[in-house]
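Novice:
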Amino acid sequence: QITLGRATKDNQIDVDLALEGPAWKISRKQGVIKLKNNGDFFIANEGRRPIFIDGRPVLGGNKWKLNNNSVVEV
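For the sequence shown, full-length UniProt numbering assigns the number 1 to the initial residue and increments by one for each residue that follows.
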């Protein structure tokens, strides 16, 4: 699994979105990408703001299957 979000000294994550610019709207743990046993990738939104997958909003507490070439916007 890969965690996306905003790293702090007390919160280590795999992909620190704060390195891309101002990140005050990004949760410390915004989302998690997981590989299932059947080979499918899913993203779970663990933040308060939506994550957009191919232009569709995934609200906090929900997950979405990622397809080849899916565009993920945080």
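Backbone N, C-alpha and C fix where the C-beta goes; we use that ideal spot for every residue, glycine too. Treat the numbers as computed from the prediction; the structure is a model and nothing was measured.
Within 10 Å of its beta-carbon, does E46 have 16 or more other beta-carbons around it, so buried, or fewer, so exposed?
Specialist: Classification for E46: buried.
Novice: What did DSSP end up calling L66 once you bin it into helix, strand or coil?
Specialist: It is a strand residue.
Novice: So L59 is in the beta strand (DSSP E); what residue range does that whole segment cover?
Specialist: Looking at the DSSP string, L59 is not in any beta strand (DSSP E), and its letter there is neither H nor E.
Novice: Taking Cβ to Cβ, would you say L17 is nearer than 7 Å to I26?
Specialist: Contact: yes.
Novice: Give the single residue among N11, F41 and P22 whose Cα lies nearest to the Cα of N68.
Specialist: Looking at the Cα atoms, F41 is the closest of the given residues.
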